[in-house]
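Have a look at the structure below, then the notes.
Protein chains: 2
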Amino acid sequence: MSQTSAPARVGDSLEAVDTPALILDLDRFEANLNAVHDYVLSRGARVRSHGKAHKCSEIALRQVAAGAIGLCCQKVGEAEVFVAAGIQDVLVANVVVGQSKADRLAQLARRARVGVCVDGALQVEQLAQAAGRAGTTLQVLIEIDVGAARCGVSTEAEALELAALIASHAPALQLRGLQAYHGPAQHKRTTSERAVAIGQAAAKASKVASLLRENGHQVDEITGGGTGSYLYELASGIYNEVQPGSYVLMDADYGANQLDPDAPVLQQALSVLCTVITARSTHAVLDGGLKAFAVDSGLPVPVVPGWKARGLSDEHAVIVPSEGARVLQVGEKIHLTPGHCDPTVNLHDWIVAVRGGRVEALWSVDARGALF
Amino acid sequence: MSQTSAPARVGDSLEAVDTPALILDLDRFEANLNAVHDYVLSRGARVRSHGKAHKCSEIALRQVAAGAIGLCCQKVGEAEVFVAAGIQDVLVANVVVGQSKADRLAQLARRARVGVCVDGALQVEQLAQAAGRAGTTLQVLIEIDVGAARCGVSTEAEALELAALIASHAPALQLRGLQAYHGPAQHKRTTSERAVAIGQAAAKASKVASLLRENGHQVDEITGGGTGSYLYELASGIYNEVQPGSYVLMDADYGANQLDPDAPVLQQALSVLCTVITARSTHAVLDGGLKAFAVDSGLPVPVVPGWKARGLSDEHAVIVPSEGARVLQVGEKIHLTPGHCDPTVNLHDWIVAVRGGRVEALWSVDARGALF
Chain Z
8 MSQTSAPARV
18 GDSLEAVDTP
28 ALILDLDRFE
38 ANLNAVHDYV
48 LSRGARVRSH
58 GKAHKCSEIA
68 LRQVAAGAIG
78 LCCQKVGEAE
88 VFVAAGIQDV
98 LVANVVVGQS
108 KADRLAQLAR
118 RARVGVCVDG
128 ALQVEQLAQA
138 AGRAGTTLQV
148 LIEIDVGAAR
158 CGVSTEAEAL
168 ELAALIASHA
178 PALQLRGLQA
188 YHGPAQHKRT
198 TSERAVAIGQ
208 AAAKASKVAS
218 LLRENGHQVD
228 EITGGGTGSY
238 LYELASGIYN
248 EVQPGSYVLM
258 DADYGANQLD
268 PDAPVLQQAL
278 SVLCTVITAR
288 STHAVLDGGL
298 KAFAVDSGLP
308 VPVVPGWKAR
318 GLSDEHAVIV
328 PSEGARVLQV
338 GEKIHLTPGH
348 CDPTVNLHDW
358 IVAVRGGRVE
368 ALWSVDARGA
378 LF
Chain C
8 MSQTSAPARV
18 GDSLEAVDTP
28 ALILDLDRFE
38 ANLNAVHDYV
48 LSRGARVRSH
58 GKAHKCSEIA
68 LRQVAAGAIG
78 LCCQKVGEAE
88 VFVAAGIQDV
98 LVANVVVGQS
108 KADRLAQLAR
118 RARVGVCVDG
128 ALQVEQLAQA
138 AGRAGTTLQV
148 LIEIDVGAAR
158 CGVSTEAEAL
168 ELAALIASHA
178 PALQLRGLQA
188 YHGPAQHKRT
198 TSERAVAIGQ
208 AAAKASKVAS
218 LLRENGHQVD
228 EITGGGTGSY
238 LYELASGIYN
248 EVQPGSYVLM
258 DADYGANQLD
268 PDAPVLQQAL
278 SVLCTVITAR
288 STHAVLDGGL
298 KAFAVDSGLP
308 VPVVPGWKAR
318 GLSDEHAVIV
328 PSEGARVLQV
338 GEKIHLTPGH
348 CDPTVNLHDW
358 IVAVRGGRVE
368 ALWSVDARGA
378 LF
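Right, here's the structure in full:
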């Protein structure tokens, strides 16, 4: 449950929602969910929805109901929240370091199928110790660096070495496959740039998988991909699972991507509702700032023709009109599209789920703040 | 109370703190607190500590114990948390729009001295209605735009008109004075730029105050100023109250300001502790990203010589070494100084208060997420 009280009640009109508040357009959310799941499932692959985008069990449950094999997430704390809510298959799509985190994962494996990534020997040893103590099995994916220059082993030899180490820790650890996610590819603007980057990622994943298989290791799963690239992972024939997260919500940054003609069209379902608190001829001020919007991928975009954000401070957004834009009134409520949905959702305790201008549900962002 | 479990226990060594975690160096925090309060109080002015920086009642109570007249904050929800914790004098140093927010403020005035800012007639009417219904008195400050081009009345005539409107609503509303905060001045790098900006702000506040007084209005309080500028508000002789917030914590952005020779030297007391989860010759990856650090004022700065941040994604920071920097090991924990303390603290549920390398206390960031 969330710490703060909710900004609305079920049945309220949008006008009655207190601000700033995170608004989810349910019709668009459901259309996005079904479009992507249909696309992936009809190609014989699995969807593992990424929970870091929404941190909300209510959304996670709807993703599984709509055909997702399970959830992935970035933090042990997120996995705990999702399992507690009834998700039976979770993957921490991230390397996890620290004995206490490993112990929590091993405990979680009593209640769900739990996967986790590794890219080094220390992580393998910590996970093996933890699962050994708990008497559970953790499923391990070797994370490979397919172009992000972040986590992941760099060479095939490193992957093979890790696979052997994992195998030596059976039954505490079981190798499941490869995590081959290319983060920067998600935000390349043209379809061809994204396709090329994922083509290279798939080639590297394929090589690693072949080497491991030649050496007697089972590689059942090659997983990765996000909202910006999942089409290309599927097209590669190498990946059998994709991990889109933002697809159900969308944001200004993803909205700026050139769309593949083949791709399901995703609608902007998430916004932040703000109130105009000051209105001048030169600008207007809204009651949401850096604590209501993440700005790492650009300023939020007002959903009012002719207005754009000039800048944000802690609790204010200043927006400015172009010539001919309509005048805004103090007290008026307007929607803004966040630049980046994931860290924006993480600033809010509640998602106000709206249909036809009415609040249909209030969903707790119950994994918000699950930092470790 | 916070939603998530704490990352440490009292008595733990820093090594045992789970990461990412917000760390407060208590010796430095106390030195900062006392230095600024001594400076302000010895000049016959009042300190009203800004709670938006820390959102933590434990810190608010220590600020009052060290001589602050009370707290200011930006949100009604923050004021409610502070009053519930025992703070008896709160100012929402922001204009508040919306009848439900006004009603909550009016209710809060049963339990504490409550001030709030206005810059328009609608706000005055809503506050007057609310206080009338609740049978309480709200103390009102007219916010004037002294250079930020954000909220605040622009002209002396507007201020006079608002003062008359406020007076017409006695006893529900009582004019207390002027809010004259210059946000952008806080981050101008040179002392002379900051001094000039505040000199102009003080001149404008002085003119408005004179006009109101000539017209029979009482202006007891002229308040404003932050960590970057409070010396100049005090030196103006116009302001009798200052509102520093970041002073007890500090951040990389404030740390980059040129310091007035007269100013108390403030030490960096806040950091985020992260664990190295991947280490390569070219870079290392930490387990805290955009959900552990606000990046609106720049990337966090590793407290390890020769290392700097290359970029952050949702849950990772990639840091890179310069030549000769020491090698980092997987599992090692390092401190980083956040670019901007206020929105960084707002990402965390707990402050781990440390002295001499040991956890002395765990403080809930109990106003975190108080968005409305």
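Top to bottom, those sequences are chains Z and C. With the first sequence counted from 1, adding 7 to any position gets you the working numbering. With the second sequence counted from 1, adding 7 to any position gets you the working numbering. Don't be surprised by glycine CBs; every beta carbon is placed ideally from N, CA and C.
Please classify Gly-244 (chain Z) as buried or exposed, where buried requires at least 16 neighbouring CB atoms within 10 angstroms.
Its Cβ having fewer than 16 others within 10 Å, Gly-244 (chain Z) is exposed.
Status (buried if at least 16 other CB within 10 Å, exposed otherwise) for Asp-126 (chain Z):
Per the 10 Å Cβ criterion, buried.
Inter-residue spacing [alpha-carbon to alpha-carbon] between Leu-134 (chain C) and Thr-197 (chain Z):
For Leu-134 (chain C) and Thr-197 (chain Z), the distance between alpha carbons rounds to 51 Å.
Cutoff 8 Å; reference Lys-298 (chain Z); Cβ partners in own chain excluding five residues on either side:
The answer, listed in chain order, is Asp-321, Glu-322 and Leu-354.
May I ask which residues mark the beginning and end of the beta strand (DSSP E) holding Ile-30 (chain C)?
28 to 32 is the span of the beta strand (DSSP E), which, as asked, contains Ile-30 (chain C).
Any chain C beta carbon closer than 8 Å to Glu-228 (chain Z):
Chain C, which has no Cβ nearer than 8 Å to the Cβ of Glu-228 (chain Z), makes this no.
Looking at the unbroken alpha helix (DSSP H) that takes in Ala-332 (chain C), where does it start and where does it end?
Note, Ala-332 (chain C): premise wrong, no alpha helix (DSSP H); not H, not E.
Glu-322 (chain C) CB to nearest chain Z CB: under 8 Å?
Closer than 8 Å to some Cβ of chain Z, the Cβ of Glu-322 (chain C) qualifies, so yes.
If we define contact as Cβ-Cβ less than 8 Å, is Leu-378 (chain C) a contact residue for chain Z?
By this cut-off, Leu-378 (chain C) is an interface position.
Can you tell me where the beta strand (DSSP E) holding Leu-180 (chain Z) begins and where it ends?
Note, Leu-180 (chain Z): beta strand (DSSP E), 180 to 186.
Please confirm whether any heavy atom of the ligand PLP lies closer than 7 Å to the CB of Pro-271 (chain Z).
As for the ligand PLP, it is missing from this structure, which has no ligand bound.
Tell whether a beta-carbon distance below 8 Å holds between Pro-271 (chain C) and Val-99 (chain C).
Taking 8 Å as the cut-off, the Cβ atoms of Pro-271 (chain C) and Val-99 (chain C) do not count as close.
Members of the stretch 289 to 309 of chain C near chain Z, C-beta cut-off 8 Å:
Flagged, chain order: Thr-289, His-290, Val-292, Asp-294, Gly-295, Leu-297, Lys-298, Ala-299, Ala-301, Val-302 and Asp-303.
His-347 (chain C) to Leu-33 (chain Z) span [Cα, whole Å]
So the alpha carbons of these two residues sit roughly 35 Å apart.
DSSP bridge partner residues for His-342 (chain Z) (one or two, in chain order)
His-342 (chain Z) is bridged by DSSP to Z:Leu-280.
Ignore the nearest five residues each way along the sequence and tell me which others in Leu-31 (chain C)'s own chain have a CB closer than 8 Å to its CB.
Within its own chain, the residues whose Cβ lies closer than 8 Å to the Cβ of Leu-31 (chain C), once the five positions on either side in sequence are excluded, are Leu-256, Ala-276, Leu-277, Ile-358, Val-359, Ala-360, Val-361 and Trp-370, listed in chain order.
Across the stretch 37 to 55 of chain C and the stretch 68 to 86 of chain C, are there enough close Cβ pairs to call them in contact, namely three or more that are closer than 8 Å?
Yes, the stretch 37 to 55 of chain C touches the stretch 68 to 86 of chain C.
Indicate whether at least one CB of chain Z lies closer than 8 Å to the CB of Val-104 (chain C).
Yes - at least one Cβ of chain Z is within 8 Å of the one on Val-104 (chain C).
Let's test the definition: count the other Cβ atoms within 10 Å of the Cβ of Asp-269 (chain C) and tell me whether it reaches 16, buried, or not, exposed.
Asp-269 (chain C) should be labelled exposed.
Under 8 Å between C-beta atoms, does Leu-129 (chain C) make it to chain Z?
Answer yes: the Cβ-Cβ gap between Leu-129 (chain C) and chain Z drops below 8 Å somewhere.
Name the chain Z residues whose beta carbon is nearer than 7 Å to that of Gln-325 (chain C)?
Sequence inspection shows Val at residue 325 (chain C); the Gln mentioned does not correspond to that position. Taking the beta carbon of Val-325 (chain C) as reference, the chain Z residues within 7 Å of it are Arg-157, listed in sequence order.
Cβ-based burial, Arg-50 (chain C) [other Cβ within 10 Å; buried from 16]:
The residue is exposed, with fewer than 16 neighbouring Cβ atoms inside 10 Å.
For Tyr-188 (chain C), I'd like the list of residues in its chain whose CB is within less than 6 Å of its CB, leaving aside the five on either flank, ordered along the chain.
Excluding positions up to five away in sequence, the list reads Gly-231.
Check whether chain Z comes within 8 Å of Asn-264 (chain C), counting only Cβ atoms and requiring the distance to be less than that.
No, its Cβ sits nowhere closer than 8 Å to a Cβ of chain Z.
Length of the line joining the Cα atoms of Ala-263 (chain C) and Val-310 (chain Z)
Going from the Cα of Ala-263 (chain C) to the Cα of Val-310 (chain Z) covers about 36 Å.
Taking contact to mean at least 3 C-beta pairs separated by less than 8 Å, is the stretch 333 to 349 of chain Z in contact with the stretch 298 to 307 of chain Z?
Taking a contact to require three or more Cβ pairs closer than 8 Å, the stretch 333 to 349 of chain Z and the stretch 298 to 307 of chain Z qualify as touching.
Considering Pro-328 (chain C), what are the terminal residues of the beta strand (DSSP E) in which it resides?
Going by DSSP, Pro-328 (chain C) is part of the beta strand (DSSP E) stretching over 324 to 328.
Would you call the CB atoms of Ile-173 (chain Z) and Val-153 (chain Z) closer than 8 Å?
Taking 8 Å as the Cβ cut-off, Ile-173 (chain Z) and Val-153 (chain Z) do not qualify as a contacting pair.
Every unbroken alpha helix (DSSP H) within the stretch 173 to 240 of chain C, with a cutoff of 4 residues, ordered by chain
Annotation note: the stretch 173 to 240 of chain C contains the following uninterrupted alpha helix (DSSP H) runs of length 4 or greater, listed N- to C-terminal: 198 to 221.
Quick check: is the beta carbon of Asp-415 (chain Z) nearer than 8 Å to any beta carbon in chain C?
Only positions 8 to 379 of chain Z appear in this structure, which leaves residue 415 (chain Z) out of reach.
Just to confirm my understanding: we take Lys-195 (chain C), look at its own chain, exclude 5 residues before and 5 after, and list those with CB closer than 6 Å. What are they?
Once the five neighbours on either side are set aside, the close Cβ partners of Lys-195 (chain C) are Arg-201.
Are the C-beta atoms of Gln-114 (chain Z) and some chain C residue less than 8 Å apart?
Answer no: the Cβ-Cβ gap between Gln-114 (chain Z) and chain C never drops below 8 Å.
Does the beta-carbon of Val-17 (chain C) have 16 or more other beta-carbons within 10 angstroms, so that it is buried, or is it exposed?
Under this definition Val-17 (chain C) is an exposed residue.
Does the beta-carbon of Pro-312 (chain C) have 16 or more other beta-carbons within 10 angstroms, so that it is buried, or is it exposed?
By the 16-neighbour rule on beta-carbons within 10 angstroms, Pro-312 (chain C) is exposed.
Around the Cβ of Leu-266 (chain Z), are there at least 16 other Cβ atoms within 10 angstroms (buried) or fewer (exposed)?
Its Cβ having fewer than 16 others within 10 Å, Leu-266 (chain Z) is exposed.
What span of residues does the alpha helix (DSSP H) with Arg-53 (chain Z) cover, start to end?
Per DSSP, Arg-53 (chain Z) lies in no alpha helix (DSSP H) segment; the continuous beta strand (DSSP E) that holds it begins and ends at 53 to 57.
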